[in-house]
Each structure stands twice: as C-alpha cells, then as structure tokens.
Amino acid sequence: MPTYLSYDRAPLAYREQGAGLPVLVVPGGPARDAAYLGDLGGLASVAERKLVVPDLRGTGQSQPESDRDSHRADRIAADVATLVDHLRMAPVDVLAHSAGANVAILLAERRPDLVSRLVLVTPGTRVLAIDPEEAEWDAALERRASEPWYDEVRAAVEAEEPTVEQELVSQALLYGRWDDRARAHAASGQRNLAAAGWFHEGAYDPVRSREALAGLRIPVRILVGELDAWPNERGAAELAAAFQDAEVTVLPGAGHFPWLDDPARFAVSVRDALRR
C-alpha cells in the first residue's frame, strides 16, 4: 500500500480502487480496519470514480508509535486533511461511514477548502451532540420482532454480562438480513481498541461545529438504512438540519452496512448522491 507522512510525520497508509475523479472514503468503527468496507457494493465501477481509502491511524497498516491524543477524532481529521493535501485532490468529494462521519464533519468544519461535498452513510452524529433516546433503541429492537433471531438477540442485549457469542449475535440488529454473509462480516471486523479514543476530551465541540457548519454551502447527502437502529430517520433529519444544503435518503430493507444488504441499490444511491 502507498503511504504518506501526516502532520506529525507519522507514516500512514491508504489504498486506491478504480479510476476517475477521486472520492475520499473515511472508514468508521471507531478505529475499525478499513477492510470491513469491502468494495462498497462495486461503487468504484458503478460510479466510475476512484476510491481513496485511508487506513486511519491505529488501523490496518497505519499503526505508527503515537501518543493517546493523536487518536482523537479531530487529529484523525488532520491526518485525513494531510492525505488530501498530499495527493492534491482538493476539493474532493468525501464519503464517510458510521463513526467516520464524525471525522468527515470535523474535516469539513475545519478545512472546508478541502471538501466539495459530503456523502454520509449511516452516519455517527456524536460530534454534533445528536444522540438516540432510550425509547428509540427499544423501538429499533421491536421493529425486528418477527425475525427468527429476535428472542436470542433480545436476551443478548439485556444480558448484564453478555458472552462473546451473545455479543456477536446482538449485531444482527446492524444488518438488514442476518444471513451467512452478515455473520461472517460481523465476526471478521477488526477494531483497535487502543486507538479508539476518538471522543476523548477536547476532540470536538458541538456548539462550535454547528455554528461553523451552518455557514457552509457544500452539498450533503445522508443515506440511512430503514432497519438501522441508529441513525434512524429522526436522527438523520436532525443531522441534515445542521447544514444549509442536505438531503436524506432512506434505503429500504437496509441496516448499518447497506452495501451488504443490497449492493446494487447502495452503489447507485451513492453514485446519484455524488452527481447531484
């Protein structure tokens, strides 16, 4: 994999896939190996774009000696900004998944010159202090009451000290279909807990972010899964309201990883979001 030197001279890695105008892809987790993204439902081919996917600091082949604070979301955003500068891509379309949306939002807030648009896929919303209510978690679980795994998942979710097996099965809530592919995906996800301190003190300021984002004119497209526990449609609408130009698309039958549930629909939806 090619590498670059970040703002603190740390060597970090990234990969490229496809050809065409670049799209910077920010993985989530936090601190999950970017391999979980796969090929995003064949997105590079469908959209005719080049995907640039960094191994964020502390993941994959980007594991330099770093202090604790270098893994904060704002510092990860600085790493990503350095990559954009290194590859001379600015301004670039940015696609971010899950917790990676927090990094993308901080990037747009602090280096708006680097971002031409945001496509936020089942996005995390913590940096803007948008949080689910307890009743929404319960409602998300109840929506799946007809699933054959429902009783097993409810027991896992309610367990005070869940077993490893229960922790795995509880991830069924993240997928539109809890089939063999989803199970393999859930079991294979590598997350570096030592590098997962994205939200340590000082990493973000929701008031500052909201004020900055309100003045940005970049288009924002938010894709959420119909069956995802979070963000739901209410959370996505609140996130959209933080921007001047934002639209929400709900992907039917999809969960938190929509490229697994319906690869073709996902890739076309992202392609259209990048074109609009």
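Under the working numbering, read the sequence shown as residues 7 to 282, first letter to last. Heads up, the beta-carbon is just placed ideally off N, CA and C, and yes, glycines get one too. As the structure is a prediction and not an experimental result, all values here were calculated from the model.
Buried or exposed: which applies to residue i, given that a residue is buried once 16 or more other Cβ atoms fall within 10 Å of its Cβ?
i: V100; result: buried
i: A114; result: buried
i: A188; result: buried
i: S176; result: buried
i: D234; result: buried
i: M7; result: exposed
i: R81; result: buried
i: G195; result: exposed
i: R15; result: exposed
i: S152; result: exposed
i: L11; result: exposed
If residue i and residue j are in contact, beta carbons under 8 Å, what's the gap, nearest whole angstrom?
i: A201; j: T65; result: 7 Å
i: S122; j: I228; result: S122 to I228, Cβ: 16 Å. No contact.
i: S68; j: L112; result: That belief does not hold up - the Cβ atoms of S68 and L112 are roughly 18 Å apart, past 8 Å.
i: A242; j: V254; result: 5 Å
i: A84; j: Y13; result: 5 Å
i: V59; j: L43; result: 7 Å
What does DSSP give as the partner residue(s) for residue i in the beta ladder?
i: H103; result: V127
i: E10; result: Position check: residue 10 holds Tyr in this sequence, whereas Glu was assumed. According to DSSP, Y10 bridges with L18.
i: A231; result: Before going on, a small fix: residue 231 reads as Gly here, not Ala. DSSP, once it has assigned bridges, lists L257 as partnering G231.
i: P28; result: K56
Using only CA atoms, which one of the options lies nearest to residue i?
i: A79; options: P138, Q196, D251 and R63; result: R63
i: A247; options: R15, D14, H92 and L134; result: L134
i: E22; options: Y156, L49 and A16; result: L49
i: P138; options: G231, E239, H206 and P258; result: E239
i: P264; options: D278, S215, V230 and L280; result: V230
i: G47; options: P60, G24 and D61; result: G24
i: D75; options: Y20, A53, D251 and E207; result: E207
i: A41; options: L147, D278, D61 and S275; result: D61
Would you say residue i reaches chain B, if we count a Cβ-Cβ gap shorter than 8 Å as a contact?
i: T128; result: Note that chain B does not occur in the displayed structure, where there is just one protein chain.
Three Cβ pairs or more, each shorter than 8 Å: is that satisfied between the region 98-113 and the region 15-34? Between the region 98-113 and the region 15-34 there are three or more C-beta pairs closer than 8 Å, enough to call the two in contact.
Give a yes or no on contact between the region 33-53 and the region 104-112, applying the rule of three or more CB pairs nearer than 8 Å. Yes, the region 33-53 touches the region 104-112.
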